[in-house]
Amino acid sequence: MLSAPVRRTTNRSAFAARLAITVCVACCADVALAANGRSMPEPPHAMPVADRATLYLELVVNHVPSGRVVPVDYRNGRYYVPTAELVASGVRVPDTAGPQIAADAIDRVSAVYDENAQQLQFDVPADWLPTRVYGTEAVYEHQRAVSSLGALFNYDALATDSPHGGGSYVAAWLEQRVFDGFGFVSNTGSYRRYWKGGGYDPLGNRYVRYDTVWRYDDEDRLLSYGAGDLVTGALAWTSAVRLGGVQIARNFGLRPDLVTWPLPQYSGEAAVPSAVDLFINGFKASTTDVQPGPYTINNVPFINGAGQATVVTTDALGRQTTVSVPFYVTSTMLKPGLADFSLSVGALRRQYGIASADYGRPAASGSLRYGVSNGFTLETHAEGAGPFRQLGIGANLAPGRWGTLNVASALSRHRADSGHQHSAGYTYYSGLFGVAAQHVARSRRYMDLARYATLDGRARRDDVTILDAAQIRHSSQLTGSLTFGRQGSIGAGYFDVSRYDGGRVRLVNLSYTRPLWRGASLYASANRSLGDAGYAAQVQVMLPLGRTSGNVTADATRDRGGRYTERVTYSRAGPTEGGFDWNLAYAGGASRYRQADLGWRGQHFQTQGGVYGESGRYTRWGELSGSLVMMDRALFAANRVSDAFVLVSTDGHAGVPVYYENQMRGVTDGGGHLMVPSVASWYRGRFAIDPLELPASVQTPKVEDYLTVRQNSGALLRFPVQRIVAANVRLVDGEGRPLPKGSIVKQLDNGQQGFVGWDGVVYLEELGAHNRIEAALPDGRACTAAFDMDPRADDVARIGPLDCR
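Per the numbering used here: the sequence shown ends with 808, consecutive numbering throughout.
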C-alpha cells in the first residue's frame with residue numbers, strides 16, 4: 004500500500020457563513036459610499052501563504068487522542084513530525100528515517116490535518132500497535148488482613164446418660180488461644196469422665212492434649228511458618244503424618260482473590276476503540292473497553308471443567324464480530340512459574356488422641372509442585388525417618404481441552420527392603436457429564452512415612468509381616484456423572500481394592516438426584532459388593548416448609564440383609580441472628596428408632612439437648628458450647644469461634660443492629676459491643692450497623708466498613724458514634740415576626756454557623772448549657788439572642804420563639 008498525501012479539513016458551513024457576511028457588508032459599504040459621491044478604495048493585497056511554519060498539533064492514532072501536543076513543521080506543502088513522537092504513538096517508521104519524517108511518506112499510513120481541532124490524525128494497521136492486557140490475576144479487590152491483640156477460650160461440653168449400655172459420662176473439648184500481629188498460639192485438648200458404666204476406655208477420667216502450635220502467616224510472601232504439633236504437607240499420591248517440630252509452606256489461601264491455576268486468555272485485534280463482551284457457556288461474564296491494536300483479556304471468572312467462550316467485539320460504528328472458543332480449565336494445575344511447597348521437620352507423633360505427649364523418631368517430609376507451562380505441572384516428594392527413605396516424582400498434564408492426566412512414581416527403602424508405588428489417572432468434567440479414573444499399584448514392601456509411624460517403637464518382625472500382608476496391592480476406581488437439566492443427574496462408580504493377604508473388595512454404586520417443585524428434591528441410590536449376596540438401596544424425598552418452618556425428609560432404606568427401614572425427619576435450622584432449632588425423627592420397619600432434639604442459639608452461647616434410642620433403650624444428652632473472649636479491655640461471652648471473629652464497637656451505644664454480609668447478627672450490648680464469631684479468615688467481609696436505632700442526638704460518620712481478618716485471630720472494628728447537642732431555634736424580631744429566610748446565624752461561643760429557614764427556624768449543633776447567637780439580616784442589620792438548654796437531652800431540642808434584638 005502506497006502512502007497517501009496529507010488531507011486538510013475545515014468547517015465548510017462556518018466558511019460559507021463568513022463569506023456571506025463579508026459580501027453583505029461590502030455591498031452595504033458600496034451603497035453608502037456611492038450615496039456620498041465617493042468610490043470604493045482599492046482592496047488590500049492578500050497575504051501570501053507561508054511556505055514554512057511550525058504548528059503545535061495533537062497526535063491522534065486510530066481515533067484515539069494521545070494527549071501529547073508536538074511541534075510539526077510545515078514545509079512546501081508537507082507536514083514533518085518528530086520521528087520519536089511517531090514511534091512512541093505506535094507508528095512504524097523506516098529504519099532510515101531521520102529526526103523528522105513527512106507524514107505522507109510512511110507506507111500503509113494515512114494522515115489528515117484537522118485545522119479546527121488542531122490535530123494530526125493517523126490511521127495505521129492495528130497490528131502495529133502494542134498489545135494491551137486487560138484484567139488482573141485478582142478476581143476481586145484485595146484488602147490486607149488485620150489482627151488485634153486478644154485471647155479466647157473455646158469450650159464444647161457434652162453430657163450423656165445411657166442406662167442400658169455405653170455408660171454415662173461428661174466430656175469437654177477445650178481450646179486456649181492468644182493472637183496478635185505475631186500470629187497465634189493455640190492449645191487444644193479434651194477431658195472425659197465417667198460417672199457410671201462404660202467399662203474400659205483409654206480416654207476415661209483424664210485430660211488428653213491434642214495440639215499445641217504457633218503459626219504466623221506472611222501475606223506478602225504467601226508463606227506460613229509453624230512450630231509445635233503440625234501435619235505434614237502431602238500430594239494426591241502421598242500420605243500426611245503428624246509431627247512435633249517446625250514447618251514452612253507456601254500458602255495461596257492467604258490471597259483467595261488470586262487464581263493460581265491457568266485460565267484461558269482471549270486475544271484479538273481492534274482497528275478502532277471497541278467494546279469486547281465475553282460470554283462463558285452462554286452467560287455474560289465481562290465487558291471490556293479496548294483501545295486500537297492487539298489485546299488480551301485476562302478478567303475471566305472462576306471456572307472449572309470444559310466449556311465454551313464466546314467473544315463479541317463491537318466497534319465505534321456498531322459493527323460486530325463473534326468468535327467462539329472451547330476451553331478446559333482445572334484447578335489441579337499451577338500457572339507457569341508458580342511454586343507450591345511444604346517442608347516439615349520434627350519427631351513423629353504417636354497415639355494421637357490417646358496420649359498427650361508421645362513422640363517417636365525424628366522425621367522429615369517435603370513436597371514441591373511447580374508450574375512448568377499451562378499444560379504441565381511437576382510434582383516431587385521426599386520423606387525419611389531413621390532407616391527409612393522415600394522419593395517420588397509426578398506430573399499433572401492438561402492435553403488441550405481433553406481433560407487432565409496425572410502420573411506418579413515413588414521408590415522407598417526401609418533397611419534392606421525396597422518397594423515402589425505407581426499411579427495414573429484421568430479426569431474430565433463439563434456441564435453435561437464428567438468422568439474420572441484412578442489406579443494405584445504398590446509392591447508388598449513399599450513403605451511411606453504413615454506406615455513407618457505405625458511401626459515406630461514396635462520394630463518387631465511380626466509387626467512388619469502383618470503390615471505387609473495388609474498392604475494394598477492395587478486400587479482402582481472409575482466414576483462418572485451425567486446431567487439432564489431439570490430432569491436431574493445420574494452418578495455411577497466402580498471401586499476395586501485388593502490386598503496382599505488375598506482380600507479383595509469390589510463395589511459398584513448408582514445414584515440419581517432430581518429437583519422437584521418449590522425447592523423439594525429426590526435422591527435415590529443403590530450399591531452392591533460384587534461377590535457378595537444382596538444389595539443396599541435408599542430413596543429420599545426432602546420437602547421444604549418455608550424459611551422459618553424447617554424441612555420434612557422421608558426416606559426408605561434396604562440393607563444387604565434385605566431388612567427395610569422407613570424414616571421420617573422434621574428439622575429446622577436456627578436463624579443466624581439466634582433462635583431455636585430442632586430435629587424430630589421416627590423410624591419404622593426393622594428399626595424402631597426415635598429421636599427428639601431441641602437447641603437454642605443466643606449471642607453468648609449455644610445449647611442443645613435431646614433423647615434418642617429404640618425399643619425403650621434411650622440415651623439422654625445435653626451440650627453447651629461457646630467461647631470467652633478478652634479484647635478491648637473487656638471480657639465477652641460468645642458462640643464458639645472456629646476460625647476468625649470480629650468484635651464490633653459502637654462507642655458504648657447499646658441496641659444497635661449489626662450486619663455481616665447483609666445478614667443481621669444481633670444488637671450491641673450495654674457496653675456497645677457485639678461479637679461476630681463466624682467470620683471467614685482472609686476473605687474481605689462487609690460489616691454494617693443500622694443507625695435508625697440510634698437517638699437523634701448522635702451522628703454516625705461511618706455506617707459500613709470492609710474488613711479482612713487473619714486466620715484464627717480476631718479484630719476490633721469500631722464504628723464511631725459521636726454525640727451531638729443540637730436544637731431547632733425559632734427566631735423572631737422585636738415585633739414577633741420570623742427572621743427572613745437566608746439570614747446567617749453565628750454561635751458566638753464556637754463560631755458555628757447556620758441559616759434561617761421557613762418560619763424563622765435555624766438548626767444549630769455543638770451547643771452547650773448556655774448559648775449566645777448573632778443573626779446577620781439581609782438588609783445588613785444584626786441582632787443577638789441567648790438561650791439555655793439541657794446538653795444531656797437525647798432528642799433535638801426545640802427553642803423559641805426567641806427575640807433577636
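No residue lacks a Cβ here, since even glycine has one placed at the ideal position from N, Cα and C.
Thr-703 and Ala-87 have their C-alpha atoms some 55 Å from each other. A straight-line Cα-Cα distance of about 27 Å links Gly-184 and Ile-692.
Here the segment 309-318 does not lie against the segment 217-226, with fewer than 3 beta-carbon pairs under 8 Å apart. Straight through space, the alpha carbons of Arg-733 and Val-764 are spaced by roughly 4 Å. Boundaries of the beta strand (DSSP E) harbouring Tyr-228: 226-234, taken from the DSSP string. Residue environment analysis places Leu-533 among the exposed positions, since fewer than 16 neighbouring C-beta atoms fall within 10 angstroms of its C-beta.
Looking at Trp-405, His-423 and Arg-418, the one whose alpha-carbon comes closest to that of Ser-412 is His-423. Secondary structure of Phe-255 (DSSP, three-state): helix.
If the five residues before and after Gly-308 are omitted, its C-beta is found closer than 6 Å to the C-beta atoms of Tyr-432 and Ser-433, all from its own chain and listed in chain order.
With respect to the 8 Å criterion, Leu-631 and Val-651 are not classified as neighbours on the basis of their beta carbons.
The DSSP-derived three-state label of Ala-683 is coil. With a cutoff of 8 Å on beta-carbon distance, Arg-352 and Asp-232 are scored as near each other. CA-to-CA, the gap between Val-682 and Ala-114 works out to about 60 Å.
If you look at Tyr-662, you'll find it in the beta strand (DSSP E) that goes 660-663.
The beta carbon of Tyr-137 sits closer than 6 Å to the beta carbons of Thr-291 and Ile-300 from its chain, once the five residues preceding and following it are set aside; these are given in chain order. For the pair of segments examined, the segment 129-136 was found not to touch the segment 695-712: the number of CB pairs separated by less than 8 Å stays below three. Separation of Tyr-573 and Gly-591 (C-alpha to C-alpha, rounded to the nearest whole angstrom) is 15 Å. With distances taken between CA atoms, Trp-405 lies nearest to Val-332 out of Leu-394, Pro-578, Phe-690 and Val-332. Between Phe-330 and Gly-310 the beta-carbon gap is near 6 Å, inside 8 Å, which marks them as a contact.
Counting only runs of 3+ residues, the beta strand (DSSP E) found wholly inside the segment 482-523 occupies 492-502 and 507-518, in chain order. If you look at Ala-174, you'll find it in the beta strand (DSSP E) that goes 171-183. Per the coordinates, the alpha-carbon of Arg-801 lies some 50 Å from the alpha-carbon of Asp-646.
Rounded to the nearest whole angstrom, the C-alpha separation of Arg-448 and Thr-457 is 14 Å. Here the C-alpha atom of Leu-638 lies approximately 21 Å from the C-alpha atom of Arg-713.
Secondary structure of Trp-603 (DSSP, three-state): strand. Counting C-beta pairs closer than 8 Å gives fewer than three between the segment 382-401 and the segment 273-280, which falls short of the contact rule. A direct Cα-to-Cα measurement between Leu-246 and Glu-386 gives close to 12 Å. Here Ser-370 is near Ser-345, since their CB atoms are less than 8 Å apart. Of the residues assessed, Arg-445 falls on the buried side of the cut-off, its CB having 16 or more other CB atoms within 10 angstroms. The segment 116-130 and the segment 663-671 do not touch, with fewer than three beta-carbon pairs separated by less than 8 Å.
For the set Ala-527, Arg-531, Gly-537 and Arg-561, the Cα lying nearest the Cα of Met-545 is the one of Ala-527.
The beta carbon of Gly-248 sits closer than 6 Å to those of Val-348 and Gly-349, all from its chain and outside the five residues before and after it, given in chain order. By the Cβ neighbour-count rule, Arg-147 is exposed, with fewer than 16 other Cβ atoms within 10 Å of its own. Counting the other CB atoms within 10 Å of its CB gives Pro-97 a total below 16, which places it among the exposed residues.
Between Leu-719 and the set Gly-771, Ala-539 and Thr-653, the nearest pair of CA atoms involves Thr-653. Boundaries of the beta strand (DSSP E) around Arg-218: 209-221.
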